Every structure is written in C-alpha cells, then in structure tokens.
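Trainee: Starting off with a structure, shown below.
Number of protein chains: 2
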Amino acid sequence: MTKTAAILGGGVIGGGWAARFLLMGWDVRVFDPSPTAEETLNAMLGRARRALPALYDVALPAEGKLSFHGTISEAVDGAVWIQESAPERLELKQKLYQQVQSVCDPEAIIGSSTSGFMPSELQSCATRPEQIIVAHPFNPVYLLPLIELVGSDKTGPDTLDRAKDLLETVGLFPLKVRQEIPAHIADRFLEAVWREALWLIKDGIATTEEIDDAIRMGFGLRWGQMGLFETYRVAGGPAGMAHFISQFGPALEWPWTKLMDVPELTDELIEMIASQSDAQSGHLSIAELESLRDGNLIGMMRSLKARGSAVGKVLADHEKTIEPVMPDLMVPMITLDRQVPTDWVDGNGHMNESRYVQAMSEASDRFLLWIGTTPDYIATQGSWFTVENHVRYLAEVMIGDRISATTKVLEAKGKKLKLFYTIRCNGEVAATVEQLLIHVDMQTRRAGEPPAEMADLLTRIAEAHAAFGVPEGAGGTGRR
Amino acid sequence: MTKTAAILGGGVIGGGWAARFLLMGWDVRVFDPSPTAEETLNAMLGRARRALPALYDVALPAEGKLSFHGTISEAVDGAVWIQESAPERLELKQKLYQQVQSVCDPEAIIGSSTSGFMPSELQSCATRPEQIIVAHPFNPVYLLPLIELVGSDKTGPDTLDRAKDLLETVGLFPLKVRQEIPAHIADRFLEAVWREALWLIKDGIATTEEIDDAIRMGFGLRWGQMGLFETYRVAGGPAGMAHFISQFGPALEWPWTKLMDVPELTDELIEMIASQSDAQSGHLSIAELESLRDGNLIGMMRSLKARGSAVGKVLADHEKTIEPVMPDLMVPMITLDRQVPTDWVDGNGHMNESRYVQAMSEASDRFLLWIGTTPDYIATQGSWFTVENHVRYLAEVMIGDRISATTKVLEAKGKKLKLFYTIRCNGEVAATVEQLLIHVDMQTRRAGEPPAEMADLLTRIAEAHAAFGVPEGAGGTGRR
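Chains A and B, in that order, are what the protein sequence lines are. Mapping of the first sequence onto the numbering used here: residues 27 to 506, in sequence order. Mapping of the second sequence onto the numbering used here: residues 27 to 506, in sequence order.
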C-alpha cells in the first residue's frame, strides 16, 4: 500500500525530503506558508528526478502523489511519517508540534530536521513527547543517505528502530545516535571546521577557494569513502591503532587549531568571505552549482556502488530491494528498465556507444541470473563469457532518458547461447544487440558444458521464443 | 632528460613520494637507515603501480630507476628535488638539512613532508635557508594530488613557483599557502575534527565506526568534490553568501563543539578507541584496507575526471600533458595504450565486455581528433556517430593489464567511415572491433557530408591502409 509522508516546511531541506519520498513511491502532502513554496519545491523535484534515479541501475517505483495543503491538519492526514523542517527557532517548532499532535496519528513518527536542538528540547511542551525524534538529513537530501536519528529518554522504546526501518525503505542510512547532544555528531565536526576556517580567512592565511581546495584535493576524498578513524588506522599501519593514537598525544598540546577561541563574526569578516566566495564561484549560478554538485556526487556514489563500498553498499543493498522480480521466461522478457545516468554521456552530448553495451551487459547478467548463473554458481562452478557482439545503433539516447531492453533467446545448444536484445527509448527502438555467449568452467576458465538442468531450461526457453519469429537485425554473430 | 628526486625517509609518506616520481618517469634515489626500508618501499611501489596508472586513460611515461643509498651524499647526488619525510622531530630534521646542504645542488629544492613545523623553524640552522620549503602531501601520496607549499620570508623569491611548476609535471596539485602557520591549512581542520572526535568517544556519544559513518555517508561526499565554502554557497541559495554566513552568527555562541577544551589522552581512552577500531575494521588487514581505499579513491577520482570537475580537472589537465602525439596516419597506428583500471571489472573477475567497446571508443575519439574532429569542430559543425559495431572477444583481460589498440581504416566514402581495431593485451590479440560511423551535421544531428578537407584526408588514409590487407575478422558490419 502506498505510504504517506507529511512535509512541514518545503525549503532546501524539506523539499529534499519530499523529493526522496515521492521518487520512492510515497504520497507526499506539503504544508508551507510561503507563497513561493510550490514553485521552490517543484524546482527541487525537477533536479531530484534527474539525480536520484541516476544512482540506481533499476527503475525506481512509480512516483507518488504530491499535494500542497493550506493547513497542518490537512497535511498530516493519513501520514505515517511527519517531517518538520521549519526555521531553527525552538518555540516555533514546539508550537508546530502541538498543532500536529492535536490531529495526527499517535503512531506516526514526527521527525525534526533540526541541526542543533536536542530531542528533549523539541519534546518539552509536547502532548506526546514519545512521538518526536530528531531525523537530521544532509543536503542534498535526495542524494546523500545519512540521517542522524536521535531520541531522548522520553522517546518511545521502539520508535528509533521503527524510524530506521522505515527510512531504509527509501534508501536512507539512518544512524542512531547513542545519546542526545547539541548538534548531534556530524554538525559538531562541521562547526569545528567552520570556526577554524573563519580564523584562517580573518588572519589572511587562506581564501575560501584555497580552503576548499585544501579539503577537496586531499582529505575530502578520503572522507568520501572512509571516515576519520579507518583512514588513520590505515595510515598507522601494522603497528596498530593504539600505537598510532598515542603518537598523537603531544600534538594535542600544540597550537594546531585556534579552536579554544571563537572569532567574532564582524561585518568586515562576513564581507571578506562573501567577496572571496564570489571570486571563487560567482561565475556560476546557484542552479549551475547544484547541478555540478549533483553530477559529481552521482559519479562518486556510483563508483562506490560498483564496488559495494561505503555509501555504495547502502545503494547496492537498497537496489536489491527494488530489483525486478523474475518474469515468465517463456516469452521474450524485459531484462532492463532504467534511467540513463549523468556519467554515461560522451563528447557528442549523448549516451556513449559503450554504454549501450553496458546496459545490454546488465540485462544479460539479469537473464543469466534468472536461469541459474548466481554469484555462488560463478564462484564454484561456471559462468557465461561473451565471445561476440553485434550492435546496431538506431537512435540517440540522452542523459535522463529511461531505457528498457527485451531479451529473446535465438539459439541455445549446449555450451553455446545466442541472445538478442531490443533496447527501447521513448517508445522507439534505440539499438539492437546480438550476443553470442559460451558456457565456461570457472575452474579452468575454458569452454565447458553447462549442467543438464540449466541446458534443458535454456532449450525450452529457446523453443518457446522461436514462436515469436526472427527479429530484424538478427544474424550478426556466429558467422565464423 | 630524466629528472632525479632524492627521497630521505622511505616510510608511508616518503615511499608514496618515491612511487609517484618513479611512475611519472623520474629516477629516484632513496636514503633510509631502516633495515626494512627497501622491503617497505617495494610493497608501496607494488600498490602504486596498480593504482596511479588506473587514474589515467593513457599510458604513463616509462618508469624511472629506483636505487637505495647508504649515505645522504650519495642519495642527493644529481637530484633537482629532495624530499625529506623523516620523523616529526625538529632537531633531527635540522641536522639532516645541514648534511644535505653540504653536498646538494644549491638550485635543488628541499621539500619537507612535515605536518606541523613551519618553514622558518626548519630553516633556522640551515646553511641556505632559502632552499628549504614545506611540501606537505596527503596519504596515499601516489593518488591524492594536494601538496601544501609553504615558505617563510627567507624562502627564495621564485622557489615556491618553481616547486609548483615542477610538482605539477608529476600530476600533483600544489597549493601555495600565503603565510606560515603551525600545521598549515588542512591539518588544522583534521586536528579540530580529531579533538572533537576524541570527546565524542570519551563521552560515549559515538564509536569510531559511527563517527566514520557520520562522515562518509554525508558531508565527506560533499567534501570530496566541493569544499566547505562552495557547499555552503549552494545551500545558502540565491540569497547569497553574506546572508547565509550572518545567519551562522548565533551558532558560534552555541555549545556545538567542545573545542575550547582538550581531552586528556589517557590509556583508557586510547584503549577505547583501539578496541572500537578493531571491532569496526579488524576483519581486514592493513593491506586489505589500503587496497579497499585505493580502489574507492580511484573510482571516485575517475568519476570526477570524466566530468573535469574538482580533482578530476587536475587529472584531466595532467593527462593532456602526457597524451600520445599524433603518429603517421598513413599506416595503421596505435590509438590506445593504457592500463585497465580497477573499476572495469565485472562479476566474472575480468574486464567487462562493455569496457572493450569503451576502450575502442577512446581509440576512436583519438583517431577522429587527429583527422580534425576537435571539440570546437563538434560544437560548431559536425561529428561522427557510430551506427554499428561488431566485436569479437578473443581473450580475457584482467584489471591492471596494459592494453593497446591499432586502428586501420577499412573504408572511407563521403559520410561513411569503417574502422577496424585490433586490441592487444600481453602480446596477444584480445579482441577485434569493426566500427561503422556516419558523419553527422551537429546542427540537425542528421547524416551529412564531412568537409572536403576531412573527406580527402580520410580517402588518402584508406588508400594507404589498403596496402596492409584485410584483417582477420573484418566484414562484420554494413551488411544491411
């Protein structure tokens, strides 16, 4: 059944929440008193529609229904998740919860996007404090999976667990914080770096651009995949973590940060930062910067997904939950249904020729899995290696297009298997691929017969598919 | 002429420097009194040989000569760059410089890998202080490009500029720091985060693993491609940076970090961190963690390179300086020579079928560039679109293998162009690809004749190549 989320406050953060829920198939009901709320949220949704599906190699669920509501009561109606992303003013948030709780389902979870307030503060005037938690996301919410989940001693005993399970279904990575503390975990680090950065600028040591480069050309890359401690564990080498840390002892006494002190945020310092930032990034609009950032994040996250590492494991695990189920194999079947991600573009501004083959290869993997070529089968017994491909490119495919492939078995004889893919985009045939595969014994990595059961299944599929005729463009492989 | 670098101290950092110089074609002379120095450095070099070339889509220069020397005098002989990566003890470093300067070229640059000392401290007992600078790298030095370059008022007037130019030739990103300060720029941030992290662990708010997740699932990804200020600029939206920062004012007064204070590094705290780190990463050896990290970094950095953004721009710009020069087009020519990067693997443990086509597509881009299909030509006039490919897969290719491709023009008639690629790996033919292209008018994106000059050149090439015969496996495209 379609789930419903209520979004209270539809700015950069609330809009990001709305977009993620919608694109994962939830209905979303928005309350935001700003006259431009609808416009802002639709712009955000446009970006998210290009970005979030680009992380996945399967189609996302059909988009949910988005609606805007003039009152809180209407917005929270039927919602199982209520996300508050109002301005960071405690009283405002507390009042809002009172209104929400006078009408909402007592079983619904009320999550706050607050960066700094602790759950006990948020709960203090509430009718049902146990229902309110911190669910702190990171911008862009439609791409970054981290959610800091924080409760207080008044939080319901299973509320954080329920919240975690629920947010995982929309691809998030909820991190339960053991104990409430101002600014939770991540923002304490951001605040520390921010304070130090203000000093460096104020003292003329570095500009905003130099600071950004000092981050993104070095440790920022490390932190995109391992964090602080695993990075240091590696650097410490076989002598071990304890040895490494104790070496750090003296450094704690050295004047390596100014953080015992807080710079005053004068108008002059603000102007200094703003003008340095203009010099650094002023040639790009915010929309251009957002698009640059999203493209970069998608590329980095996809590269980690291919490895199943760090954030890539979150993506890969989530993708498994929305993988297509095995269809009837006895008729030519859909083996691929996906959006073309941003990193598949080439110098001609369209999907590169190799990506048609990559899409076909994904479709092939899925078909071969369905007939029994599981990871375990590959590790211990056999697999199918491609020996020939014939590709006809019939139409350009652009980034963001949704493509699908149908697979037909042309021939299956013992260790030989010939498959034919029709790749469609926007209703027209964009390419056909004929693929000739040979079954391989994975101990010797040489051609060898597949097990009888697999061979029989393939023979039956090939016979059944023969009834559907020979597709146009077939016959391009196996001539020699 | 081959340049020479002297590496004083061959541990994790010095070894990383040595590997980068070597793989970029420099000769490297190492001095390290440790009895295991040679073994350690060779292990590092093995990792670097897999990793650094995987960032590039062209072959790196032929590797330089590595030699180990028993004395400093011998090691620095003929060196234009002398990199000191000795333990962080000021007196030790100062003594070392005295020995170095008694024999080295006065024009050579002496860079120190120090994390914390300022150049004026390093220079204080030196014969020629002007020759000594800080050149602070980030682990792994063979992958991460950031080098903080710092001088003092005694530093030679053009020394930092010379250092920058020289380090850029080996693919590094030297950042000139405007003013010396303890720990330069990046390590001040690392130290700030480190101190806060110690508090969080000591107070039981989070474990090492939770802290790492709080970083790498959220802001770490942002910092891998934009830094602190550009990220906030985007978050701030069209209201502008000054508006965004002034909002932050109050937060500076809030207790969002403990950084006014320094936790005491007791044995108990050290043990707590070490055992949490074991629970988090203890199932992997340091070598396995290094390999995981390198693979992740390569994937992320390659994804940014494809976009020419952030660290990817550094890579792309450097790659241009080592691009192969145009050979004689009148004989079948090498159009591809590269190592197979880690992210080209598939479920069968070998290079995926689509990557053969990707390699061919790179070769094709290079050939088409040489005949005049420049980015400018594509933007304003025409390009070549592939309409058909026929691929024969003849041998498995593994990650780290070096592959090359020869391109032969089979046919060139007006808007039609047929190319044939022979892809070789370890001396044997691993695949052949026949590619049929059509010239396209980029205004209409429809087939159209190429300019006479380009058509004539192609005709002449096709005629010249005909003398070399029809390759085995040709004839797989253009049948319909």
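Even glycine gets a Cβ: it sits at the ideal position worked out from N, Cα and C. Small disclaimer: the values here were computed from a predicted structure and weren't measured.
Check whether the Cβ of B/Ser517 lies closer than 9 Å to any Cβ atom in chain A.
Mentor: Outside the shown range of chain B, which is 27 to 506, sits residue 517 of chain B, and nothing can be said about it.
Trainee: So what does DSSP say about B/Lys434, is it helix, strand or coil?
Mentor: As a working note, residue 434 of chain B is residue 408 in the second sequence. The answer is strand: DSSP assigns B/Lys434 an E or B state.
Trainee: Let me know the secondary structure DSSP gives B/Pro200 once reduced to three states.
Mentor: Numbered from 1 along the second sequence, position 174 holds the residue referred to as residue 200 of chain B. Here B/Pro200 sits in strand by DSSP.
Trainee: Over the uninterrupted alpha helix (DSSP H) stretch that includes B/Ile39, give me the two end residues.
Mentor: Residue 39 of chain B sits at position 13 when you count from the first residue of the second sequence. That run of the alpha helix (DSSP H) goes Val38 to Leu49.
Trainee: Just how far apart, CA to CA, sit A/Met50 and A/Val196?
Mentor: As a working mapping, residue 50 of chain A is identified with position 24 in the first sequence. As a working mapping, residue 196 of chain A is identified with position 170 in the first sequence. About 6 Å.
Trainee: For B/Ala421, which residues from the same chain have a beta carbon less than 8 Å from its beta carbon, with the 5 sequence-adjacent residues on both sides left out?
Mentor: The residue given as residue 421 of chain B occupies position 395 in the second sequence. Excluding positions up to five away in sequence, the list reads Cys451, Glu454, Val455, Ala456 and Ala457.
Trainee: Please report the Cβ distance between A/Ile464 and A/Val417, rounded to the nearest whole angstrom; I am assuming they are in contact, meaning their Cβ atoms lie under 8 Å.
Mentor: Your numbering for residue 464 of chain A matches position 438 in the first sequence. Your numbering for residue 417 of chain A matches position 391 in the first sequence. Contact doesn't hold; Cβ gap of about 19 Å is too wide.
Trainee: Check each residue of the region 69 to 83 of chain A: if its Cβ is closer than 7 Å to any Cβ of chain B, include it; give the result in chain order.
Mentor: none
Trainee: In the DSSP assignment, what residue or residues form a beta bridge with A/Leu443?
Mentor: As a first step, residue 443 of chain A is located in the first sequence; it is residue number 417 there, counting from the start. Looking at the DSSP assignment, A/Leu443 forms a beta bridge with A/Ala438 and A/Leu463.
Trainee: How is A/Phe408 classed by DSSP in three states: helix, strand or coil?
Mentor: Stepping through the first sequence from its first residue, residue 408 of chain A is reached at position 382. Here residue 408 of chain A turns out to be Gly, not Phe, going by the sequence shown. Reduced to three states, the DSSP call for A/Gly408 is strand.
Trainee: Is the number of C-beta pairs between the region 347 to 354 of chain A and the region 366 to 379 of chain B that are closer than 8 Å three or more?
Mentor: no
Trainee: Show which residues of chain A have a CB atom less than 8 Å away from the CB atom of B/Pro401.
Mentor: Walking along the second sequence from the start, residue 401 of chain B turns up at place 375. Gly373, listed in chain order.
Trainee: Quick one: complete alpha helix (DSSP H) runs, 4+ long, within the region 153 to 234 of chain A?
Mentor: Counting only unbroken stretches of 4 or more residues, the alpha helix (DSSP H) elements lying wholly within the region 153 to 234 of chain A are 185 to 194 and 212 to 228, in sequence order.
Trainee: Mind the definition here: the region 180 to 197 of chain A touches the region 154 to 163 of chain A only if three or more C-beta pairs lie below 8 Å; say whether that holds.
Mentor: yes
Trainee: Is it true that the region 124 to 131 of chain A meets the region 214 to 233 of chain A, where meeting means three or more beta-carbon pairs spaced less than 8 Å apart?
Mentor: no
Trainee: Kindly identify the DSSP beta-bridge partner or partners of B/Thr458.
Mentor: Within the second sequence, numbered from 1, the residue matching residue 458 of chain B stands at position 432. DSSP lists B/Arg418 and B/Thr448 as partners of B/Thr458.
Trainee: Which residue comes first and which comes last in the alpha helix (DSSP H) that contains A/Met298?
Mentor: Locating residue 298 of chain A in the first sequence gives position 272, counting from the first residue. Per DSSP, A/Met298 belongs to the alpha helix (DSSP H) from Asp293 to Ser307.
Trainee: Considering only DSSP beta bridges, list what A/Ile108 is partnered with.
Mentor: By one-based count along the first sequence, residue 108 of chain A stands at place 82. Paired residues: A/Ala32 and A/Ile136.
Trainee: Is B/Met2 buried or exposed, if buried means 16 or more other CB atoms sit within 10 Å of its CB?
Mentor: Residue 2 of chain B is absent from the structure shown; chain B starts at 27 and stops at 506.
Trainee: If you count every other CB in all the chains shown that lies within 10 Å of the CB of A/His269, and 16 or more means buried, which is it?
Mentor: Along the first sequence, one-based indexing puts residue 269 of chain A at 243. It counts as exposed.
Trainee: Going by the DSSP bridge assignment, what does B/Leu81 pair with across the sheet?
Mentor: Within the second sequence, the letter at position 55 stands for residue 81 of chain B. B/Leu81 pairs with nothing; no bridge assigned.
Trainee: Quick check on B/Phe523 - is its C-beta less than 9 Å from some C-beta in chain A?
Mentor: In this structure chain B extends from 27 to 506, so residue 523 of chain B is not present and cannot be described.
Trainee: Since B/Gly246 and A/Gly250 should fall inside the 8 Å C-beta cutoff, what is the C-beta to C-beta distance between them, to a whole number of angstroms?
Mentor: Residue mapping note: residue 246 of chain B aligns to position 220 of the second sequence, counting from 1. Residue mapping note: residue 250 of chain A aligns to position 224 of the first sequence, counting from 1. Yes, B/Gly246 and A/Gly250 are in contact; Cβ-Cβ is about 5 Å, under 8 Å.
Trainee: For A/Leu71, which option in A/Met359, A/Pro166 and A/Ala232 has the closest C-alpha, if you only look at C-alpha atoms?
Mentor: In the first sequence, the residue the question calls residue 71 of chain A occupies position 45. Of the candidates A/Met359, A/Pro166 and A/Ala232, the one whose C-alpha sits nearest the C-alpha of A/Leu71 is A/Pro166.
Trainee: Check whether the Cβ atoms of A/Tyr419 and A/Lys434 lie closer than 9 Å to each other.
Mentor: Walking along the first sequence from the start, residue 419 of chain A turns up at place 393. Walking along the first sequence from the start, residue 434 of chain A turns up at place 408. Not a contact, by the Cβ cut-off of 9 Å.
Trainee: How big is the Cα-Cα spacing for B/Ala85 and B/Pro79?
Mentor: Indexing the second sequence from 1 puts residue 85 of chain B at position 59. Indexing the second sequence from 1 puts residue 79 of chain B at position 53. Each residue's Cα considered, the two are about 7 Å apart.
Trainee: How far does the beta strand (DSSP E) with B/Met359 in it reach, from first residue to last?
Mentor: Indexing the second sequence from 1 puts residue 359 of chain B at position 333. Taken as a continuous stretch (DSSP letters only), the beta strand (DSSP E) holding B/Met359 covers Met359 to Gln365.
Trainee: Looking at the C-beta of B/Glu89, does it have a partner C-beta in chain A at a distance below 9 Å?
Mentor: As a working mapping, residue 89 of chain B is identified with position 63 in the second sequence. Not one chain A Cβ lies under 9 Å of B/Glu89.
Trainee: Taking the CB atoms as reference points, tell me whether B/Ser390 and B/Leu445 lie closer together than 9 Å.
Mentor: Numbered from 1 along the second sequence, position 364 holds the residue referred to as residue 390 of chain B. Numbered from 1 along the second sequence, position 419 holds the residue referred to as residue 445 of chain B. The beta carbons of B/Ser390 and B/Leu445 sit closer together than 9 Å.
Trainee: Output, in chain order, the set of chain A residues within a Cβ distance shorter than 8 Å of B/Leu201.
Mentor: Along the second sequence, read from residue 1 onward, the residue named residue 201 of chain B stands at position 175. Residues of chain A passing the Cβ test: Glu236, Asp239, Ala240 and Met243.
Trainee: So, for B/Pro358: in the same chain, excluding its five sequence neighbours on each side, which residues have a beta-carbon less than 7 Å away from its beta-carbon?
Mentor: For the purposes of this step, residue 358 of chain B is identified with residue 332 of the second sequence, where counting begins at 1. Result list for B/Pro358: Thr432, Thr433, Lys434, His491 and Phe494, in chain order.
Trainee: For B/Ile296 versus B/Thr234, is the C-beta spacing smaller than 9 Å?
Mentor: In the second sequence, residue 296 of chain B corresponds to position 270, counting from 1. In the second sequence, residue 234 of chain B corresponds to position 208, counting from 1. Not closer than 9 Å, so no.
Trainee: Give the interface partners of B/Arg46 over in chain A, defined as CB-CB distance under 8 Å, in chain order.
Mentor: Reading the second sequence from its first residue, position 20 is the one you call residue 46 of chain B. Chain A residues near B/Arg46: none, gap ~14 Å exceeds 8 Å.
Trainee: What's the C-alpha gap between A/Gly37 and A/Gln365?
Mentor: If you number the first sequence from 1, residue 37 of chain A lands on position 11. If you number the first sequence from 1, residue 365 of chain A lands on position 339. About 26 Å.
Trainee: What distance in whole Å lies between the Cβ atoms of A/Glu110 and A/Ser141, which are believed to be in contact at a cut-off of 8 Å?
Mentor: Along the first sequence, one-based indexing puts residue 141 of chain A at 115. Along the first sequence, one-based indexing puts residue 110 of chain A at 84. Contact doesn't hold; Cβ gap of about 13 Å is too wide.
Trainee: Going by DSSP, what residue range makes up the alpha helix (DSSP H) through A/Val337?
Mentor: For this step, residue 337 of chain A is matched to residue 311 along the first sequence. Judged by DSSP secondary structure, A/Val337 falls within the alpha helix (DSSP H) whose first and last residues are Val337 to Thr347.
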